[in-house]
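Below is one structure, written out as structure tokens; the observations come after it.
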Amino acid sequence: MGLQSIACKSTETAANSSKISLRAALLAARQTQSVQLHSEAALAAQVVTLLAERKPHCVGFYWPFAGEFDARTTLINWLHETPTHCAALPAVTERGGVLRFYHWTPETPMQEGYFKIPVPAHPIEVQPDVLLVPCVGFDLARYRLGYGGGYYDRTLARLEPRPFTVGISYECGRVTDRLPREPHDISLDLILTEKMRYE
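According to the working numbering, the sequence shown is numbered sequentially starting from 498.
Here is the structure:
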């Protein structure tokens with residue numbers, strides 16, 4: 498799916514309008530596609546390879562939402578490999594703010610957070626050195642289209658040191674043209690899909 502029908506205009510208002518239209522189209526495509534088990538397994542294998550290469554101490558990931566790839570099983574297996582491994586989930590603590598990352602294990606009690614997404618009930622803040630970032634869409638320059646809240650962009654602009662950022666998407670989220678961009682948008686270090694690795 499490309500952006501041929503959505504012109505990239507110069508004004509911020511036009512860019513926002515283009516993003517809204519594109520986001521709706523990509524979410525519909527992701528919800529209606531038939532994601533086969535081999536696609537899930539292939540994307541999980543990409544994540545496993547990445548973790549073996551990067552050898553992180555703490556991996557930030559996300560609670561799956563609206564048809565996103567579910568990385569929990571992959572992270573649980575990774576946690577079992579070494580006692581010092583750490584996983585973290587993002588949490589919104591205030592609307593329009595930045596994300597906080599809270600320590601997570603399969604036994605962590607969860608509660609409903611902002612946007613009805615589960616977060617650890619007893620937060621212990623940690624700093625991930627690799628961050629898996631959900632993508633509604635992405636382009637070949639590794640710019641991400643998210644849900645429009647700007648949480649990841651605001652967070653990455655302030656995190657020090659910045660983690661290695663990995664966009665997670667199905668191949669149906671790839672757009673063939675340049676995504677509409679705004680000054681605050683930040684490109685990711687890597688994008689993984691069930692078919693490709695975009696560096």
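Even glycine gets a Cβ: it sits at the ideal position worked out from N, Cα and C.
Predicted, not measured: the structure shown is a model, and the values here were computed from it.
Cβ of residue i within 8 Å of Cβ of residue j?
{"i": "Val545", "j": "Ala584", "result": "no"}
{"i": "Gly670", "j": "Cys632", "result": "yes"}
{"i": "Leu523", "j": "Gly664", "result": "no"}
{"i": "His554", "j": "Thr581", "result": "yes"}
{"i": "Arg675", "j": "Ala638", "result": "yes"}
Can you grab the Cα-Cα spacing for the pair residue i / residue j, in whole Å?
{"i": "Pro587", "j": "Gly647", "result": "13 Å"}
{"i": "Glu565", "j": "Ala526", "result": "12 Å"}
{"i": "Leu548", "j": "Glu657", "result": "21 Å"}
Measuring alpha carbon to alpha carbon, tell me which residue in the options is nearest residue i.
{"i": "Ile688", "options": "Thr673, Tyr644, Leu629", "result": "Leu629"}
{"i": "Leu519", "options": "Thr673, His554, Thr652", "result": "Thr673"}
{"i": "Arg569", "options": "Thr605, Arg597, Glu591", "result": "Thr605"}
{"i": "Glu537", "options": "Thr571, Ile614, Lys552", "result": "Thr571"}
{"i": "Asp682", "options": "Glu696, Ser666, Ala654, Glu668", "result": "Ala654"}
Around the C-beta of residue i, are 16 or more other C-beta atoms found within 10 angstroms, so that it is buried, or is it exposed?
{"i": "Arg641", "result": "buried"}
{"i": "Gly645", "result": "exposed"}
{"i": "Lys516", "result": "buried"}
{"i": "Pro603", "result": "exposed"}
{"i": "Ala541", "result": "buried"}
{"i": "Gln608", "result": "exposed"}
{"i": "Gln501", "result": "A caution first: Gln501 carries a pLDDT of 31, below 50, which makes its placement in the model unreliable, though a value can still be read off. By the 10 Å Cβ count, Gln501 comes out exposed."}
{"i": "Phe701", "result": "Since the first and last residues shown for the chain are 498 and 696, residue 701 lies out of range."}
{"i": "Ile503", "result": "Because Ile503 carries a pLDDT of 31, less than 50, the predicted location of this residue cannot be relied on, and the following value inherits that uncertainty. Per the 10 Å Cβ criterion, buried."}
{"i": "Gln699", "result": "With the chain running from 498 to 696 in the structure shown, residue 699 is simply not present."}
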